[in-house]
Amino acid sequence: EMKCIPEVAQMAKELGTLVVVDAVCTLTTMPLQMDEWGIDIAIAGGQKGLSSIPGVSLIVFSDAAWKTIESRNVRQPHWCLDALKAQTFWGSQQYHYTAPVPGILALHEALRQICEETLPSRFERHRTSSIALQSGIETMGLKLFVPIKDRLNSVVAIQTPEDTDSAQIRKIMSKRFNVEISGAFGMNIMRIGQMGEQCRSHNLFKVLYALGMSCRQTGVDLDVSLGMADLELNLVIDPENLVD
27 EMKCIPEVAQ MAKELGTLVV VDAVCTLTTM PLQMDEWGID IAIAGGQKGL
77 SSIPGVSLIV FSDAAWKTIE SRNVRQPHWC LDALKAQTFW GSQQYHYTAP
127 VPGILALHEA LRQICEETLP SRFERHRTSS IALQSGIETM GLKLFVPIKD
177 RLNSVVAIQT PEDTDSAQIR KIMSKRFNVE ISGAFGMNIM RIGQMGEQCR
227 SHNLFKVLYA LGMSCRQTGV DLDVSLGMAD LELNLVIDPE NLVD
């Protein structure tokens with residue numbers, strides 16, 4: 027939950043502990059105030075929220091975190107994960123590792139698109155799309171796993187209907203509709219990642235229809251058409267999806 031980060035960070039500061047946040051799903055999909063919230067290290071990948079390709083990781087350090095790195099007495103055993111060594115190589119006409127050039131170019135293009143859209147517009151697109159998708163799922167007859175106050179704008183967790191296997195539903199979605207969603211570790215739930223370029227109206231319609239029809243194929247009584255109508259009612263349609 028994003029709302030609890032400042033509170034957790036404050037508790038960590040009182041104990042003299044650095045705060046690390048995995049922002050791979052939330053970076054550019056929701057506000058992330060690193061300095062204001064007291065985050066020391068934020069980590070993300072090129073995929074998911076940034077909507078690039080996997081293979082490039084991003085990491086940001088606060089002044090306190092970097093001071094800890096510089097004053098570390100224990101030798102870092104991992105070459106590629108040595109932040110101090112990586113920083114030392116920059117600007118010295120050497121390289122710390124062989125750069126994933128295609129991934130860097132893809133990330134550059136993804137960031138260009140984000141700047142073109144602007145962060146406020148991107149945040150709002152994810153917020154309104156997530157609310158519309160959540161409403162469509164519930165109207166169709168399924169239940170969401172996370173309380174409304176704790177939900178993200180980038181991932182929707184759905185309770186698998188009783189006596190139904192989420193793996194079977196996801197298999198039907200993949201085979202019949204070419205739509206991939208995730209399960210979870212240790213819980214019989216399903217997760218829809220609607221972030222970045224996946225968070226577009228045509229993709230939301232497709233995933234909701236695939237989810238509903240796949241559930242029905244396993245014997246779950248859902249009103250798919252009602253859920254689709256509710257999604258359309260609440261969704262702000264992307265202008266780029268309209269045909270002249």
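Under our numbering, the letters of the sequence shown match residues 27 to 270, in that order.
Even glycine gets a Cβ: it sits at the ideal position worked out from N, Cα and C.
Everything numeric in this text was worked out from a predicted model, so none of it was measured.
Specify, as a first and last residue, the run of the alpha helix (DSSP H) that Leu259 falls within. Within the sequence shown, numbered from 1, the residue matching residue 259 stands at position 233. Unbroken alpha helix (DSSP H) run through Leu259: 250–260.
Which whole-angstrom value is the C-beta distance of Ser78 and Leu133, which I expect to be below 8 Å? Looking up residue 78 in the sequence shown gives position 52. Looking up residue 133 in the sequence shown gives position 107. Indeed, because the Cβ distance is near 5 Å, the residues count as touching under 8 Å.
Going by alpha carbons, who is nearest to Tyr123 out of Gly117, Gly129, Ala112, Val205? Taking the sequence shown and counting its residues from 1, one reaches residue 123 at position 97. Nearest C-alpha to Tyr123: Ala112.
Chain-order list of residues whose beta-carbon lies under 6 Å from that of Leu237 (same chain, five-residue window excluded): Taking the first residue of the sequence shown as 1, we reach residue 237 at position 211. Nothing meets the Cβ criterion.
When the Cα atoms are used, what is the spatial distance from Gly245 to Arg101? Translated into the one-based positions of the sequence shown, residue 245 becomes position 219. Translated into the one-based positions of the sequence shown, residue 101 becomes position 75. When rounded, the distance between both Cα atoms is 58 Å.
From Glu258 to Glu62, what distance separates their C-alpha atoms? Translated into the one-based positions of the sequence shown, residue 258 becomes position 232. Translated into the one-based positions of the sequence shown, residue 62 becomes position 36. Glu258 and Glu62: Cα-Cα distance of roughly 37 Å.
Per-residue burial, Ser240 [other beta carbons within 10 Å of its own, 16 or more giving buried]: Counting from one through the sequence shown, the residue named residue 240 turns up at place 214. The residue in question, Ser240, is buried, as its Cβ has 16 or more Cβ neighbours within 10 Å.
Are the beta-carbon atoms belonging to Gly64 and Val50 less than 7 Å from one another? As a first step, residue 64 is located in the sequence shown; it is residue number 38 there, counting from the start. As a first step, residue 50 is located in the sequence shown; it is residue number 24 there, counting from the start. No, these two residues do not count as a Cβ contact at 7 Å.
Cβ neighbour criterion (16 or more within 10 Å) applied to His104: Stepping through the sequence shown from its first residue, residue 104 is reached at position 78. Answer is exposed; the Cβ neighbour count stays below 16.
So for Val181, helix, strand or coil by DSSP? Taking the first residue of the sequence shown as position 1, residue 181 is located at position 155. The answer is strand: DSSP assigns Val181 an E or B state.
Can you name the residues that DSSP bridges to Phe87? Against the sequence shown, residue 87 aligns to sequence position 61. Answer is Ile67.
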